[in-house]
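A.B. asks:
Residue numbers (the numbering used here): 27 to 276.
Given below as structure tokens:
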């Protein structure tokens, strides 16, 4: 007769094995994973998070996140005028909400278009004036090259096209606006007038002679050219200089 007939044998069922039987887990966590009811006092409590000043430096919260006085568990939005729990997940949800974006974005655009300081304006004007001044000097030099080499004024338009396409990164060249009419005007009213004033200054200090010659063009218009002959000390020779041309009428 079997002496073990009245004994019960416990056989492990592989199907009843739970992942929660991990020996590294505490009994409380095992009961939670198995779905066993846990007493209220044993349930894990929500950890209260306090406001952190470092959040204000993050790009997502910068400019609108501020603490609440006398309550370090709350945070305040300066644009929405709302108070919320000082938890980062709550703050992120608020930053991504449509209401916050609608109120916050206009303030960002307004600040980005704020009026520059006086120093910034003066610096900007100085840089702009410097570029424009250099562009004017370039226009005078190019026009003087046309006059000195006796180049046709019609070549000014294609020449500027070649220069601007060859040097697209030049800020000075971008401000240069030369064409055949402007080249003629610079030679007549700027270079010619400056040379005439310098010649008049020299004629006041030394003797000179005047030469005049009349001519008629193909249209029948008569004109008189006035020249002066003067000794140029710097070159140590006598030169004939153009003074003016006058139209003659009957």
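Built from N, CA and C at the ideal position, the CB exists for glycine as well. Here the structure is a predicted model, which means the values were calculated and not measured.
What are the complete alpha helix (DSSP H) segments, minimum 4 residues, inside the stretch 214-253?
C.D. replies: Runs found: 218-229.
A.B. asks: Would residue 213 and residue 164 be called neighbours here (beta carbons separated by less than 9 Å)?
C.D. replies: The answer is no: Cβ separation not under 9 Å.
A.B. asks: Where does the unbroken alpha helix (DSSP H) through residue 100 begin, and where does it stop?
C.D. replies: Taken as a continuous stretch (DSSP letters only), residue 100 belongs to no alpha helix (DSSP H), being part of the beta strand (DSSP E) at 97-103.
A.B. asks: For the 8 Å Cβ check, are there 3 or more pairs between the stretch 195-208 and the stretch 156-163?
C.D. replies: Yes, the stretch 195-208 is in contact with the stretch 156-163.
A.B. asks: Can you have a look at residue 275 and say buried or exposed, based on whether 16 or more other CB atoms are within 10 angstroms of its CB?
C.D. replies: Its Cβ having fewer than 16 others within 10 Å, residue 275 is exposed.
A.B. asks: Quick one: what does DSSP say residue 113 is sitting in, helix, strand or coil?
C.D. replies: Note: residue 113 maps to coil in three-state DSSP.
A.B. asks: So residue 206 and residue 180 are in contact, right, with Cβ under 8 Å, and what is the actual spacing, rounded?
C.D. replies: Right, their Cβ atoms sit about 5 Å apart.
A.B. asks: Output needed for residue 182: all residues of its chain with C-beta closer than 6 Å, excluding positions within five of it in sequence on either side, in chain order.
C.D. replies: Within the same chain, residue 182 has close Cβ partners 204, 205, 206 and 209.
A.B. asks: In angstroms, rounded to a whole number, what distance separates the CA positions of residue 188 and residue 169?
C.D. replies: Distance between the alpha carbons of residue 188 and residue 169: 16 Å.
A.B. asks: Cutting at 8 Å between CB atoms, please list the residues of its own chain near residue 266, excluding the five before and the five after it.
C.D. replies: These residues qualify, in order along the chain: 237, 253, 254 and 255.
A.B. asks: Exposed or buried, what is residue 120 when buried is set at 16 or more other beta-carbons lying within 10 Å of its beta-carbon?
C.D. replies: Result: buried.
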